[in-house]
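Visitor:
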Amino acid sequence: MQSGAVLHHLDAARHRASWPTVSAVIPTLNEAENLRWLLPRLSGVDEIIIVDGESQDGSADLVRKLRPDAVIIEQPPIGKGAAMRAGFHAATSDVIVSIDADGSMDPKEIDAFVALICCGFDVVKGSRHCVGGGSDDLTLIRRAGNLWLTRLANMLYGVRWTDLCYGYIALRRSVVDRLGLAADGFEIETELCVNAITAGLRVAEVPSHELDRRSGESKLNARRDGLRVLRTMMRNRRTPTRQVLPRYEPGFEEAG
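In terms of this note's numbering, the numbers along the sequence shown are unbroken and rise by one, the last being 257.
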């Protein structure tokens, strides 16, 4: 969807009293410096859930200081997928937004994701490669790998996505159980998207600009995690349900 259309729907949704409540789920592992930047910018969400993998840099203490209203879940550092699943289970708002702790995802974009949920979509995935998107962080190897995996997903699942391996995602809380999420690692993002298609959910992309990680090193390993993404796509493939573009409804309705 073009950015102008997103803004149009955003304006329409904002003028309705039915704008949904929003939970931000943030997996965290030694991201204190990045959280110092991110947390004050999450003023537009109703609930913040930090899933901390036993950070050694005081991440949890910093969250308690900057956002005493945040929910903190502490668990062993199994992986991003395990953290996201725990956060989804704990969320209480109408809409869940998964956002990285490293400062690479701009919280100002959250409203555009939620606007498309209000338009009838069940899952809204950010794209760095559709019109209006971009990245300051992708290396050549990661860009090429993501492009190849995206093309394969399009072929296997009958979709026309532009970006598969990006974790800025919004979804209705009411569809979490239908997704059947089980991944522990970075492949959780792919699992969420392909399971949404096979479950017959309505999925949209929205332009997103990925910023540079503000500090520290990424936990992603291009080769290892790329193979996990590939295995997830092949293992989870079933005959996809044909998607029908939903009508624009003048209110937020939970999908059953």
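Beta carbons are placed, not taken as given, at the ideal position from N, Cα and C, and that holds for glycine. Note that this is a predicted model, so its numbers are computed, not measured.
#1: Would you call the region 64 to 72 and the region 129 to 146 touching, i.e. three or more CB-CB distances under 8 Å?
#2: Would Lys109 be called buried (16 or more neighbouring beta carbons within 10 Å of its own) or exposed?
#3: Helix, strand or coil for Leu172? Go by DSSP, reduced to three states.
#4: Indicate whether the contact test is met: 3 or more Cβ pairs, each with one atom in the region 58 to 66 and one in the region 115 to 130, closer than 8 Å.
#5: Checking 8 Å against the spacing of the C-beta atoms, do Asp95 and Ile73 come in under that value?
#6: Compare the Cα-Cα distances from Leu212 to each of Trp162, Ser105, Glu190, Ile49 and report the closest residue.
#7: Is it a yes or a no for the region 26 to 35 touching the region 79 to 90, going by three-plus beta-carbon pairs under 8 Å?
#8: Just the Cα atoms here: how many angstroms apart are Ala113 and Arg173?
#9: Given this structure, state the Cα-to-Cα distance separating Gly121 from Leu153, to the nearest angstrom.
#10: Looking only at its chain, what residues have a beta carbon closer than 6 Å to the beta carbon of Glu188, apart from the 5 residues adjacent to it on each side?
#11: Which residue from Arg214, Gly181, Leu63 puts its Cα closest to that of Asp103?
#12: Expressed to the nearest angstrom, what Euclidean distance is found between the alpha-carbon atoms of Gln76 and Ile50?
#13: Helix or strand or just coil, what does DSSP make of Asp213?
Guide: On the basis of the supplied data:
#1: no
#2: exposed
#3: strand
#4: no
#5: no
#6: Ser105
#7: yes
#8: 14 Å
#9: 27 Å
#10: Arg229, Val230, Thr233
#11: Arg214
#12: 13 Å
#13: coil
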